[in-house]
Each structure stands twice: as structure tokens, then as C-alpha cells.
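The sequence shown lines up with residues 429 to 962 when you count with my numbering. Comments concern the structure below.
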Amino acid sequence: MRRSTGIRRLQPAWFKYALVGLLIVGIIFRFINLDKKVYWHDEVYTSLRITAHTRSELVERAFNGNIITPADLQEYQQIDPNRGFWLAMYLSGVEDAQHPPLYYAIAYWWVQIFGNSIAIIRSLSAFSSLLIFPCLYWLCLELFESRLVTGVAIALMAVSPFQVLFAQEAREYSLWATTILLCSAALLYAIRRQAKFAWTVYGVSLIVSLYTFLFTGLVAIGHSLYVLAINPSYSLSLTDFRVNKSIISYVITSTIALIVLLPWFYFIFTYIEIVRATSAWSSISLPPLISLQLSALNFSRSFVDFGHRIDSPGVYWLIVPFLLLQLYSLCFLCSHTPPRVWLFVLTLIGSTALILGIPDLIIGGQRFTVTRYLIPCFLGLQLSTAYLIAAWLSSIHAFWRQMGLAIASLLIVSGILSCAMSSQAETWWNKVVSYDNPKIAKIINASENPIVVSDAFATNPGNVVSLSYLLNENVRLLLLPEISRLPTPPDIPEQFSNIFFLDLPNDYLNQFQEKYRSSLTLIGERAWRLKTKV
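Given below as C-alpha cells:
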């Protein structure tokens with residue numbers, strides 16, 4: 429018989445009504461103003477993938493020194509009837525093998541059926557984010573055996589600023605969060621039932637998650653440690669070889685899942701140099717203080733996110749209470765639940781956190797500061813926080829019931845306010861290299877005879893296409909091969925009186941200043957304006 433998690437089954441009378449209301453609010457936030465925020469660099473690559481275009485094609489045809497219009501760039505974001513599904517998946521494997529094809533396969537047919545607008549593409553993530561609720565419901569019932577914990581977890585998830593933000597992004601991460609919860613619930617179900625059907629469900633869900641995002645492998649490592657930890661009755665000695673049935677079933681199931689993933693491993697290993705080149709940025713170390721600040725912000729964003737960046741004044745006074753609450757919730761979980769509960773949450777968090785964080789400390793990098801990589805950690809912390817609040821709400825002591833109600837109200841109000849602020853914004857911290865594009869585009873569009881100059885270095889192609897979504901038809905673009913390959917800066921036609929440079933090397937910028945005898949004005953991160961005398 430399984431030990432109780434210590435939560436009384438009694439729920440407050442108002443609880444169901446509040447839960448339904450929060451679900452409605454959460455759904456509204458996921459779909460409101462879907463096309464308001466800038467369509468940023470990574471989303472541009474989503475459109476490249478699902479329209480069967482490639483970065484190399486974009487660079488070869490658009491970044492060749494010819495003057496083009498924003499509409500010319502948009503051609504690489506549009507559906508081409510001559511480029512079919514299998515070509516799109518093949519090209520995705522060639523140029524972007526670190527991102528498995530499931531989300532992009534679904535997105536391909538999504539835009540074929542419903543259209544190719546920004547709102548339509550992002551709506552796929554919004555709809556997939558709704559599946560997180562039944563998966564979370566199942567996981568909480570399997571793990572905690574308490575409808576109160578389940579309800580609190582769903583309420584927190586409904587208005588989680590982080591979950592809502594990524595539900596409005598044309599990437600696979602909202603779907604990944606759903607599949608993590610699904611395969612986690614399926615694992616607990618399989619361990620409990622010990623039936624072939626149950627392990628088949630887990631295997632299928634694991635395959636789906638692996639084909640959504642490869643970092644599911646980190647979650648699977650956590651699952652394997654959990655299965656070993658809760659099944660200590662095994663021996664690997666030559667004289668007394670015994671293995672628990674759950675362990676055997678898990679090994680067989682996970683092995684089959686890896687075999688099913690082999691076709692995608694072909695692309696990963698065949699095009700490993702491209703994978704290394706496109707993910708090399710994650711190996712670049714950040715200053716320790718910056719890494720600490722980013723990590724602190726990231727781990728608070730499940731509950732509060734007013735768009736603060738690391739240099740925002742007073743932000744750490746705001747987020748520290750939320751960080752301490754999550755840390756305390758883990759301690760509370762470990763001291764009030766049986767090992768089968770707290771071990772599951774700790775392995776879900778720890779397998780990802782340690783595997784990403786330790787290499788950053790030893791060999792350098794910024795993997796642990798990338799929010800989307802930490803989704804399993806955020807889910808685990810939301811589970812522990814939900815348990816803490818539910819335990820307080822069901823306490824026999826009035827003080828702790830009031831404390832639970834106060835903390836729950838604080839988290840819900842901060843989540844709603846965060847989502848409300850984010851829903852009205854044109855950009856947010858997760859737009860990274862494209863964060864300043866709305867501001868830059870407004871300045872360009874308000875200028876007389878503007879031209880944008882950039883090159884094909886690093887993130888520039890995707891970021892220039894992102895900017896093109898916001899530019900007026902009269903704006904022109906002069907896009908070059910990588911500047912480092914050019915001996916001298918190009919000539920700008922005289923009719924352009926406002927020249928805008930996007931992420932070009934400083935020595936080239938200096939040469940432009942000398943040529944036009946005019947100084948540069950910084951208008952955004954790595955973006956400058958130069959007025960010529962016409």
C-alpha cells in the first residue's frame with residue numbers, strides 16, 4: 429500500500445469556481461494578441477522550415493549585395509506549392525537537426541490548412557498548450573493522489589507567465605512541456621499498473637516527447653534514476669542476479685524509444701558540423717554575475733514576469749521571495765511526502781539542472797541560463813509549490829489555511845498581472861536578438877529615404893527577416909555576404925539619406941562614418957543610424 433501524501437481530500441467550497449475562472453482567464457491570455465509581439469529570429473526559422481526553405485538559400489539569394497524590398501525577404505516565409513512535406517522535413521534535418529521534426533511536421537499541415545499568418549502559426553502553440561492541463565491533471569493524480577493538489581497545480585499553470593509566453597511563440601517548447609508531463613504521468617501509471625499496455629503508453633509518449641525536443645533525453649535520465657531509486661530490490665552480482673520487474677520493463681521500453689529515434693540520429697550525425705555551428709553560442713561563457721542574475725530571473729518567471737531584464741532596478745527585491753518560496757516548497761515536499769513522490773520531483777528537476785549546469789561550471793557555457801532548456805525544472809518546481817499550497821489550504825490549523833490562501837492569491841495575482849502586461853507588449857525578454865526590432869522599425873519607417881544595411885554573419889539573416897515583418901514598403905535593404913569576406917564597404921546609392929546598420933563590425937562602421945563625414949547614432953542594440961548629406 430502506498431503511503432499517503434498527507435493532503436486531506438476536503439476542498440474549500442469556492443475552490444472549483446475559482447479554478448474554472450482561472451482556466452478561462454488562462455485560455456484568454458494564451459490567445460489574445462497572438463500577432464502583437466515581434467516575430468523574432470527563431471520564429472523566422474520556424475517559417476523557413478515549414479515552407480521548405482533554408483538559411484543557405486536565403487543567404488545565397490538575398491544577401492548578395494543587391495538592393496531589395498521587405499517583400500523580397502518575405503518570399504522565404506511563404507508557402508511554395510512546389511515544395512512539399514517531405515522536402516520540408518528533409519531540409520529541416522539537414523540544417524536544423526538539433527530540433528526534431530514533430531512540431532514542424534504538425535506546423536506544416538497547420539499552415540497548409542489554416543493559412544500562413546503570424547497569428548495562425550502561433551495559434552498551434554496556443555492550442556497545444558491547452559493539452560498541458562489534462563496531462564498535468566493525470567500526473568498530479570498519479571503522484572499526489574489528491575484532487576486539491578491537482579487543482580492548485582492547474583490554477584498556477586493557467587496563469588503562469590512563462591507558460592503563457594511560450595504558448596504564444598511559434599516554436600516547439602509549449603508542446604514539449606505538454607509531452608514532458610504526459611510521459612511523466614505515463615511512467616507513474618506504468619509503474620503502478622505493471623501491465624504491457626501501460627508500458628506501451630509510456631513508450632509512445634516518450635517517443636513523442638523525444639521527437640518534439642531532444643532534451644527529453646535529460647528527462648528520461650531522471651526517469652531512469654527514479655525507477656532505480658524506488659526499486660532497490662535488485663542485485664547485479666554474478667552469483668545472485670535479480671532485477672525488479674519495473675526496471676526490466678523500463679529498460680525495454682526506453683530502448684525501443686531510442687531505436688525509434690534512430691532515423692533522426694542519422695541527420696544528427698551526418699550533419700554534426702552544422703549542429704555544432706548552430707549551437708556553438710551555448711558554449712560561450714558569460715560573466716559569473718550575469719549567469720547568476722539570469723538564472724535568478726529565469727526561476728522566478730513561472731510566477732512573476734513584468735518583462736524585467738537583468739539591469740532593471742529593484743527587480744531582485746521583487747523576485748527573491750518567489751525564489752525562496754520555491755526552495756522552501758522543495759524542502760517541505762521532501763519532509764512531508766514518501767520517497768516515491770519527492771524523488772520523482774527531484775529527479776525531474778535535477779537531471780536537467782545538473783546536466784546543463786555542471787558543464788557550464790567546468791568547461792564554460794551558458795546552457796543553464798537558457799530558459800527553454802529548463803522547462804522540466806520549472807514544471808517540477810510548480811509541482812512542489814502546488815503541493816505546499818494545497819497542504820496549507822487543507823491544514824487543520826486556521827493560521828496555515830490563511831497562509832495557503834494568501835500565498836495562492838499572491839501567485840495568482842502576480843501571474844495575472846504579468847500576463848496582462850505581456851499581452852499588450854510588442855516585445856519581451858524572450859525575443860533576445862530581435863528584442864529591439866519594434867523600436868528600430870518605428871525609427872526606420874519614420875525616416876526619409878531609408879535603407880538598411882546588414883550582412884549574413886551569425887544571427888543577422890534571421891534577425892533581418894524578423895525586422896522585415898515590421899518595415900514599410902518604401903524601405904530598402906542592402907544585404908551583403910559576411911562582411912569579413914569583403915575588402916571594402918559597399919557604395920550606398922545617393923538617393924538614400926538615412927542609412928541604418930544592423931549588427932556590422934565596428935571597423936566597417938568607422939569607414940562609413942569617414943566616407944560620409946557623419947557620426948553614427950545608436951538606435952537599438954547593435955543598430956545604428958547615419959544621416960547623409962543629400
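In this text, a Cβ means the ideal position worked out from N, Cα and C, and glycines have one as well.
Exercise. Quick one: Cα of Y445 to Cα of A583, how far?
Worked result: 11 Å
Exercise. In three-state terms, what does DSSP make of W856?
Worked result: coil
Exercise. Which one or two residues does DSSP pair with W956 in a beta bridge?
Worked result: F929, L950
Problem set entry | Closest residue to W857 among Y467, I456, D788, I455 (Cα-Cα distance) | Comparing Cα positions, the closest option is Y467.
Problem set entry | Spatial neighbours of E471 in its chain, beta-carbon cut-off 7 Å, leaving aside the 5 residues before and after | E597, A598, R599
Exercise. Cβ-heavy atom distance between G579 and the ligand FAD below 7 Å?
Worked result: Looking at this structure, you won't find the ligand FAD or any other ligand, since it has none at all.
For this session: Check whether the Cβ atoms of L774 and T813 lie closer than 8 Å to each other.
Result: No, the Cβ-Cβ distance between L774 and T813 is not below 8 Å.
For this session: List the whole-angstrom C-beta distance separating I879 from I920, where the pair is believed to meet the contact cut-off of C-beta under 8 Å.
Result: Contact holds; Cβ gap of about 7 Å.
Exercise. Would you call E922 buried or exposed, if buried means 16 or more other Cβ atoms sit within 10 Å of its Cβ?
Worked result: exposed
Problem set entry | Inter-residue Cα distance where the pair is S637 and T474 | 18 Å
For this session: Spatial neighbours of C611 within its chain, please: CB distance less than 6 Å, with the 5 preceding and 5 following residues excluded, ordered by chain position.
Result: The residues S633, L634, S637, in chain order, have a CB closer than 6 Å to that of C611 in the same chain once the five nearest residues on each side in sequence are set aside.
Exercise. Is the beta carbon of L642 sitting closer than 8 Å to the one on P528?
Worked result: yes
Problem set entry | Identity of the residues DSSP links to P878 by a beta bridge | N926
Exercise. Could you give the distance in angstroms between the alpha-carbon of I835 and the alpha-carbon of A819?
Worked result: Straight-line Cα distance between these residues: approximately 12 Å.
Exercise. Three-state secondary structure (DSSP) at D500?
Worked result: Looking at D500 - three-state DSSP - the assignment turns out to be helix.
Exercise. Quick one: Cα of G792 to Cα of S707, how far?
Worked result: 14 Å
For this session: Pick helix, strand or coil for I840, following the three-state DSSP scheme.
Result: helix
For this session: Using 10 angstroms around the beta-carbon of W538, count the other beta-carbons present and answer buried if the total reaches 16, otherwise exposed.
Result: buried
Exercise. Buried or exposed: S779, going by 16 or more other Cβ atoms within 10 Å of its Cβ?
Worked result: If you draw a 10 Å sphere on the C-beta of S779, you find 16 or more other C-beta atoms in it, and that means buried.
For this session: Please state if the CB of L937 and the CB of L948 are separated by a distance shorter than 8 Å.
Result: yes
Exercise. Taking the alpha helix (DSSP H) that R966 falls in, what are its first and last residues?
Worked result: In this structure the chain extends from 429 to 962, so residue 966 is not present and cannot be described.
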